[in-house]
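Input: a single structure, listed below in structure tokens.
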Amino acid sequence: MANFRIFVEKNSSFNSEAKHLLSLIQQNLQLKLTSLRVINCYDIFNIEAKQLEQVQYIVFAEPNLDQIITHLNLTNQCYLAVEPLAGQYDQRADSAEQALKLLGVNNLDLKVTSGKLIIFDEELTTQQLDLIKQLYINPLEMSEKDLSQLIYSQ
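For the record, in the sequence shown the residue sitting at position 15 is 292 according to the working numbering, with numbers rising by one throughout.
Right, here's the structure in full:
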């Protein structure tokens, strides 16, 4: 059993969430961003690599709409990663866990957590990024996610 992190990104023509967020930032913060990427992040704990490979395009992504990225280089990138607060219901993760179990991944210690990664194509100042965080992050529901670690904490 191992732990994995995968990133799932909609193909650009289907990524309405990214288009909506870009519009929201442009309208509310008057920032001159031209594009951004919104990527779903899944941390999957206690699963075999072969099991994950068999189900990743059934549970986490749709082959015609999404791209699964296993390694993402964020060096020199301006980004924001968020996740639900501990104890907050994570519907995306719960649905993934249930689907995995229905597909026969019956590991007792199986656990999935989810988050969002927003990558900005332009360089942002610290002040601009802080404004985006204030707009996007509801502190009652989510917090920033540390992408440097892959640890499940209950």
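Every residue, glycine too, gets a C-beta built ideally from N, C-alpha and C.
- Message: Checking the sheet assignment: what are the DSSP bridge partners for K388?
- Response: Residue mapping note: residue 388 aligns to position 111 of the sequence shown, counting from 1. Its beta-bridge partners are F322.
- Inter-stretch contact at 8 angstroms, needing at least 3 Cβ pairs: the region 361 to 378 / the region 280 to 296: No, because fewer than three Cβ pairs between the region 361 to 378 and the region 280 to 296 fall closer than 8 angstroms, the two stretches do not touch.
- Go ahead and pull the three-state DSSP assignment for E330. As a position in the sequence shown, residue 330 is number 53, starting the count at 1. If DSSP states are grouped into helix, strand and coil, E330 belongs with the helices.
- Can you tell me which of the three DSSP states V315 falls into? Against the sequence shown, residue 315 aligns to sequence position 38. Three-state DSSP puts V315 in a strand.
- Message: Here's the rule I'm using: 16 or more other beta-carbon atoms within 10 Å means buried, otherwise exposed. How should D371 be labelled?
- Response: One-based indexing of the sequence shown puts residue 371 at position 94. Exposed, because fewer than 16 other Cβ atoms sit within 10 Å of the Cβ of D371.
- Assuming V279 and A338 make a contact with CB atoms under 8 angstroms, what is their CB distance in whole Å? Sequence index remark: in the sequence shown, residue 279 carries index 2 (1-based). Sequence index remark: in the sequence shown, residue 338 carries index 61 (1-based). As written in the sequence, residue 279 is Ala, which differs from the Val given in the question. About 20 angstroms; that fails the 8 angstroms criterion.
- Task: Report yes or no: do three or more beta-carbon pairs, one from the region 299 to 311 and one from the region 355 to 362, lie closer than 8 angstroms?
- Result: Touching, no, given that fewer than three Cβ pairs across the two stretches are closer than 8 angstroms.
- Item | Inter-stretch contact at 8 angstroms, needing at least 3 Cβ pairs: the region 341 to 350 / the region 380 to 393 | No, they do not touch.
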